[in-house]
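**Q** Same order as they appear, the protein sequences are chains A and B. Quick note on UniProt numbering: the first sequence kicks off at 1 and runs consecutively. Quick note on UniProt numbering: the second sequence kicks off at 1 and runs consecutively. I am attaching a structure below and will ask some questions about it afterwards.
Protein chains: 2
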Amino acid sequence: MAEKVTIYDISKKLKISAATVSRALNDNPKISAKTRELVLKTAAEMNYKQNRLAQALKSGRTNNVGVIVPYINRSFFSSVIRGIEEELSPHGYHVIICQTHEDVNNEIKQIDTLLNTQVDGIFMSVAKTTQDTSHIKKALAENTPLVFFDRKKEVKGLSSVVIDDFRGGYLATEHLIKQGCKKIAHFSGDLNVEIYKNRHQGYLKALKDNGITPLKRFSLQVNSKLESGISAIKDLWEFDEKPDAIFSSSDYAALGAIQELKQMGIKIPKDVCVVGFSNEPFTKYMELPITSVDQTPLEMGKIAAQVFLEQIEGSQTLTVEKEVILAPKLFVRNSSNRKL
Amino acid sequence: MAEKVTIYDISKKLKISAATVSRALNDNPKISAKTRELVLKTAAEMNYKQNRLAQALKSGRTNNVGVIVPYINRSFFSSVIRGIEEELSPHGYHVIICQTHEDVNNEIKQIDTLLNTQVDGIFMSVAKTTQDTSHIKKALAENTPLVFFDRKKEVKGLSSVVIDDFRGGYLATEHLIKQGCKKIAHFSGDLNVEIYKNRHQGYLKALKDNGITPLKRFSLQVNSKLESGISAIKDLWEFDEKPDAIFSSSDYAALGAIQELKQMGIKIPKDVCVVGFSNEPFTKYMELPITSVDQTPLEMGKIAAQVFLEQIEGSQTLTVEKEVILAPKLFVRNSSNRKL
Chain A
1 MAEKVTIYDI SKKLKISAAT VSRALNDNPK ISAKTRELVL KTAAEMNYKQ NRLAQALKSG
61 RTNNVGVIVP YINRSFFSSV IRGIEEELSP HGYHVIICQT HEDVNNEIKQ IDTLLNTQVD
121 GIFMSVAKTT QDTSHIKKAL AENTPLVFFD RKKEVKGLSS VVIDDFRGGY LATEHLIKQG
181 CKKIAHFSGD LNVEIYKNRH QGYLKALKDN GITPLKRFSL QVNSKLESGI SAIKDLWEFD
241 EKPDAIFSSS DYAALGAIQE LKQMGIKIPK DVCVVGFSNE PFTKYMELPI TSVDQTPLEM
301 GKIAAQVFLE QIEGSQTLTV EKEVILAPKL FVRNSSNRKL
Chain B
1 MAEKVTIYDI SKKLKISAAT VSRALNDNPK ISAKTRELVL KTAAEMNYKQ NRLAQALKSG
61 RTNNVGVIVP YINRSFFSSV IRGIEEELSP HGYHVIICQT HEDVNNEIKQ IDTLLNTQVD
121 GIFMSVAKTT QDTSHIKKAL AENTPLVFFD RKKEVKGLSS VVIDDFRGGY LATEHLIKQG
181 CKKIAHFSGD LNVEIYKNRH QGYLKALKDN GITPLKRFSL QVNSKLESGI SAIKDLWEFD
241 EKPDAIFSSS DYAALGAIQE LKQMGIKIPK DVCVVGFSNE PFTKYMELPI TSVDQTPLEM
301 GKIAAQVFLE QIEGSQTLTV EKEVILAPKL FVRNSSNRKL
């Protein structure tokens, strides 16, 4: 490997002071555009790499925070990220984002990547496949604050901001009962994941509180995909006793359900009411807008950012452990509103 | 500031070798889970920060690449990112993502952030507000490969992967003419942005090739938002001579146009045909699925990644300058198909 090029080499070549070179490389407004251009050009020619990491090592702060989400293209996650950015940007922090595609192996790598780049904090919503938490404890071991949002794991010393998923499931089911529905099916997602388990519990409790005995066959684990919603409806309709409502823990599966029900000539909401979860933007764009439970993602991101700020601006030791639970909101639309 | 804690301090405290501490901190499988737990716990208690940046400084590689996009929640951009991830992951690279929200000031900060974290390369789609390119040239000055995708700037030495937007505009307009439309309006987006200018040129050329004189009033600069599509239709319908087709450079504006046209009792595609651009997933989910131009984002991401790999695995000097132009595809759906 060749000898590392320093600012002194550039200063020698251009016959200007090393201080001028350094200022030019750091966008100091005292330096003229012409000199700056010349320094940048020469630096490039000489294959110079600015030693920014060394600077970060000195100060101990990078002003970067990392966010780990399963998918960036789900409106819920991108809105939480927006909330984090809005809250942290005025404090001079930059947000870098990683996605796991629900794969715990990616999650392990992302945590390493973020710790490698010396982020000042990590925000994270865990993948569905995550069981073991030793990769998460690494952040604790390196004294990097980590705040969970939406999907969390129980790790002592770590804070979290979640919504009350039990209440979300309860609200949605109660609304369907008030529409006159008595045979309510539930598309639950993987019940090993806490949020889905809690929504399912809320569904069961609302049925119980209203004197309805839940039919086991009416609880289905369905992926958060349009196609999965379609096949779940096909499965349900193979039996004589059909549901009169679907409460889906996923808007995508709810959309699939609606498409399949229409295909079969079933009237929505007259014959079957449908409710989703997440309030994805498309739910209100549809010709038949879909009722959905909103998870207040922007607020969730902002509060997660505030928890981080409290931690980093407080004492150096991570003694703060906060658990914030937000209330979900039900948006009633035509897919379940029989009173329109 | 307190003295920095080193692995030697941990080794002394635990009465084990520094090499064992180092292996435990680096997940070496030779170390038992029990020892690893103990080292991690002690490291946390002693407020130890692993000197990973120093490691990166030594090796000169971080195996991280950065992607800068205007928005993470547009299907086009998230699909390009997916393509980059799929191509680079087998090579051991991790992808970190930043969004600019179309603000050049954010873009300047993101480039700095990525250069600060010593990424091995940057992929970027520039913000609409970006005029000056000196922040982009910084990557060149630091010899960090940068590959543009979709929205690029002319910077000597930098590669790009784009689609043929002129052809996309031409295809969409020609399709509308074949449906019998003669008064085709165009929602163009900001014409200072190259991609929108090229789509607009394609629209004009298709009209010309078919002997149709374009009406100036029929070319509108419309934001990529549902609401903007609605108000653009209102503006157009204030005149006596109405269009019989809308070609929108944005799927969101196309959706707004459809909603407003339906509101006015206009039949689609009988009275007015509508075509969008980007092939966002919602275009095919609608009850009236929307015709749209697909930009092959997954392929774009993969090819951008290949260009980066060629550059980084080739010679150290950035002499490679490649321009890849992909062909767009028109997906014809009910919003413009009169022959169904």
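In this text, a Cβ means the ideal position worked out from N, Cα and C, and glycines have one as well. Computed from a predicted model, the values in this text were never measured in an experiment.
In the DSSP assignment, find the unbroken alpha helix (DSSP H) run with A33(B) in it and report its ends.
**A** Sequence index remark: in the second sequence, residue 33(B) carries index 33 (1-based). Residues A33 to E45.
**Q** Which of the three DSSP states, helix, strand or coil, is assigned to G307(B)?
**A** Counting from 1 along the second sequence, the entry for residue 307(B) is found at position 307. In the sequence under discussion, the amino acid at residue 307(B) is Val, which differs from the Gly named in the question. The answer is helix: DSSP assigns V307(B) an H, G or I state.
**Q** Just the C-alpha distance for I258(A) and H101(A), rounded to the nearest angstrom, thanks.
**A** Against the first sequence, residue 258(A) aligns to sequence position 258. Against the first sequence, residue 101(A) aligns to sequence position 101. Rounded to whole angstroms, I258(A) to H101(A) spans 26 Å at the Cα level.
**Q** If you draw a straight line from the C-alpha of L226(B) to the C-alpha of Q295(A), how long is it?
**A** Here the question's residue 226(B) lines up with position 226 in the second sequence. Here the question's residue 295(A) lines up with position 295 in the first sequence. Spanning the alpha carbons of L226(B) and Q295(A) requires a straight line of approximately 23 Å.
**Q** Any beta carbon from chain B within less than 8 Å of S22(A)'s own beta carbon?
**A** What you label residue 22(A) is simply residue 22 of the first sequence in a count that begins at 1. Closer than 8 Å: no.
**Q** Going straight from the alpha carbon of E154(B) to that of D190(A), what length do you get?
**A** As a working mapping, residue 154(B) is identified with position 154 in the second sequence. As a working mapping, residue 190(A) is identified with position 190 in the first sequence. Their backbone Cα atoms lie some 48 Å apart in a straight line.
**Q** Take S125(A) and list the residues in its own chain whose beta-carbon comes closer than 6 Å to its own, dropping the five residues that flank it on each side.
**A** Translated into positions along the first sequence, residue 125(A) becomes position 125. Only V69, F149, D150 and R151 meet the Cβ criterion.
**Q** For S125(B), name the three-state secondary structure that DSSP assigns.
**A** On the second sequence, residue 125(B) is found 125 positions in, with the first residue counted as 1. Of the three classes helix, strand and coil, the one that applies to S125(B) here is coil, per DSSP.
**Q** For S78(B), would you say it is in contact with chain A, using Cβ-to-Cβ distances shorter than 8 Å as the test?
**A** Residue 78(B) sits at position 78 when you count from the first residue of the second sequence. S78(B) counts as touching chain A.
**Q** Excluding the 5 residues preceding and the 5 following E323(A) in the sequence, name in chain order all residues of the same chain whose CB lies nearer than 6 Å to its CB.
**A** Looking up residue 323(A) in the first sequence gives position 323. Counting only Cβ-Cβ distances below 6 Å, and skipping sequence neighbours, we find S160.
**Q** Any C-beta of chain B within less than 9 Å: which residues of the segment 247-268 of chain A qualify?
**A** L255, Q259 and K262
**Q** Which bits of chain A does E287(B) rub up against, with CB to CB less than 8 Å?
**A** Numbered from its first residue, the second sequence carries residue 287(B) at position 287. What E287(B) touches in chain A: M286, E287 and L288.
**Q** Just checking my contact of K284(A) with R338(A) at CB under 8 Å: how many whole Å lie between their CB atoms?
**A** Taking the first sequence and counting its residues from 1, one reaches residue 284(A) at position 284. Taking the first sequence and counting its residues from 1, one reaches residue 338(A) at position 338. Contact flag wrong, Cβ pair sits at about 19 Å.
**Q** K109(A) CB to nearest chain B CB: under 8 Å?
**A** Position 109 of the first sequence, counted from the start, is the residue given in the question as residue 109(A). So, interface residue.
**Q** I'd like to check one pair, K138(B) with I177(B): are the Cβ atoms closer than 8 Å?
**A** Counting from 1 along the second sequence, the entry for residue 177(B) is found at position 177. Counting from 1 along the second sequence, the entry for residue 138(B) is found at position 138. No, the pair does not count as a contact, with Cβ atoms beyond the cut-off.
**Q** For Q316(A), would you say it is in contact with chain B, using Cβ-to-Cβ distances shorter than 8 Å as the test?
**A** Along the first sequence, read from residue 1 onward, the residue named residue 316(A) stands at position 316. Only weak support exists for where Q316(A) lies, its pLDDT of 48 falling under 50; the coordinates are left without a value.
**Q** I want to verify the contact list: residues of chain B whose CB lies under 8 Å from the CB of K137(A), in sequence order.
**A** For the purposes of this step, residue 137(A) is identified with residue 137 of the first sequence, where counting begins at 1. Taking a Cβ-Cβ threshold of 8 Å, the residues of chain B close to K137(A) are L40, in chain order.
**Q** Counting only beta-carbon atoms, is T296(A) nearer than 8 Å to chain B?
**A** Indexing the first sequence from 1 puts residue 296(A) at position 296. Cβ-Cβ to chain B under 8 Å: no for T296(A).
**Q** Please list, in chain order, the chain A residues whose beta carbon lies closer than 7 Å to that of F282(B).
**A** Position 282 of the second sequence holds residue 282(B). The answer, in chain order, is F282 and Y285.
**Q** Does the beta-carbon distance from V65(B) to I136(B) come in below 8 Å?
**A** Residue numbering aside, residue 65(B) sits at position 65 when the second sequence is read from its first letter. Residue numbering aside, residue 136(B) sits at position 136 when the second sequence is read from its first letter. Taking a C-beta distance under 8 Å as the contact criterion, V65(B) and I136(B) do not qualify as a contact pair.
**Q** Return the Cβ separation of G83(B) and K302(B) in integer angstroms, given the expectation that the two are a contact with Cβ distance under 8 Å.
**A** Residue mapping note: residue 83(B) aligns to position 83 of the second sequence, counting from 1. Residue mapping note: residue 302(B) aligns to position 302 of the second sequence, counting from 1. Between K302(B) and G83(B) the Cβ distance is about 4 Å, and since that is below 8 Å, they are a contact.
**Q** Return the Cβ separation of Y203(A) and S224(A) in integer angstroms, given the expectation that the two are a contact with Cβ distance under 8 Å.
**A** Reading the first sequence from its first residue, position 203 is the one you call residue 203(A). Reading the first sequence from its first residue, position 224 is the one you call residue 224(A). Y203(A) to S224(A), Cβ: 16 Å. No contact.
**Q** Secondary structure at residue 368(B), three-state DSSP: helix, strand or coil?
**A** Because chain B in this structure spans residues 1 to 340, residue 368(B) falls outside the shown range and cannot be described.
**Q** Could you check the C-alpha separation between I233(B) and R74(B) for me, to the nearest Å?
**A** As a first step, residue 233(B) is located in the second sequence; it is residue number 233 there, counting from the start. As a first step, residue 74(B) is located in the second sequence; it is residue number 74 there, counting from the start. Roughly 23 Å separates the two Cα atoms.
**Q** Ordered along the chain, which non-local residues of its own chain (more than five positions away) have a Cβ less than 7 Å from that of D103(A)?
**A** Position 103 of the first sequence holds residue 103(A). Cβ within range, chain order: A127 and T129.
**Q** Have a look at A206(B) and H200(A) and give me their C-alpha separation to the nearest angstrom.
**A** By one-based count along the second sequence, residue 206(B) stands at place 206. By one-based count along the first sequence, residue 200(A) stands at place 200. One C-alpha to the other measures close to 55 Å.
**Q** Suppose you measure from the CA of L318(B) to the CA of G157(B); what does that come to, to the nearest Å?
**A** Stepping through the second sequence from its first residue, residue 318(B) is reached at position 318. Stepping through the second sequence from its first residue, residue 157(B) is reached at position 157. Residue placement at L318(B) cannot be trusted, given a pLDDT of 48 that sits under 50; what the coordinates show is reported in the next sentence. Annotation: L318(B) to G157(B) spans about 7 Å, alpha carbon to alpha carbon.
**Q** Which residue wins for smallest C-alpha separation from S248(A), given the options V193(A), T213(A), A185(A) and E280(A)?
**A** Indexing the first sequence from 1 puts residue 248(A) at position 248. Looking at the Cα atoms, A185(A) is the closest of the given residues.
**Q** At a CB-CB cut-off below 9 Å, which residues of chain B make contact with C273(A)?
**A** Within the first sequence, residue 273(A) is the residue found at index 273, counting from 1. Correct list: empty, because the minimum Cβ distance to chain B is about 18 Å.
**Q** Can you find a CB in chain A that lies within less than 8 Å of the CB of H94(B)?
**A** Counting from 1 along the second sequence, the entry for residue 94(B) is found at position 94. Closer than 8 Å to the CB of H94(B) there is at least one CB belonging to chain A.
**Q** May I have the straight-line CA-CA distance separating L288(A) from S335(A), to the nearest angstrom?
**A** In the first sequence, counting from the first residue as 1, residue 288(A) sits at position 288. In the first sequence, counting from the first residue as 1, residue 335(A) sits at position 335. A direct Cα-to-Cα measurement between L288(A) and S335(A) gives close to 6 Å.
**Q** So within the segment 66-108 of chain A, which uninterrupted beta strand (DSSP E) runs reach at least 3 residues, ignoring any that extend past its ends?
**A** 94-99
**Q** Rounded to whole angstroms, what's the CA-CA distance from G276(B) to S228(B)? Just pull it up for me.
**A** Translated into positions along the second sequence, residue 276(B) becomes position 276. Translated into positions along the second sequence, residue 228(B) becomes position 228. Cα to Cα, the separation comes out at about 14 Å.
**Q** Could you round the C-beta distance between Q311(A) and P90(A) to whole angstroms and report it? I think they count as a contact, below 8 Å.
**A** Looking up residue 311(A) in the first sequence gives position 311. Looking up residue 90(A) in the first sequence gives position 90. Contact doesn't hold; Cβ gap of about 17 Å is too wide.
**Q** Work out the CA separation of K262(A) and D235(A) for me, nearest whole Å.
**A** Translated into the one-based positions of the first sequence, residue 235(A) becomes position 235. Translated into the one-based positions of the first sequence, residue 262(A) becomes position 262. Cα to Cα, D235(A) sits roughly 16 Å from K262(A).
**Q** Let me know the secondary structure DSSP gives I266(A) once reduced to three states.
**A** For this step, residue 266(A) is matched to residue 266 along the first sequence. Of the three classes helix, strand and coil, the one that applies to I266(A) here is coil, per DSSP.
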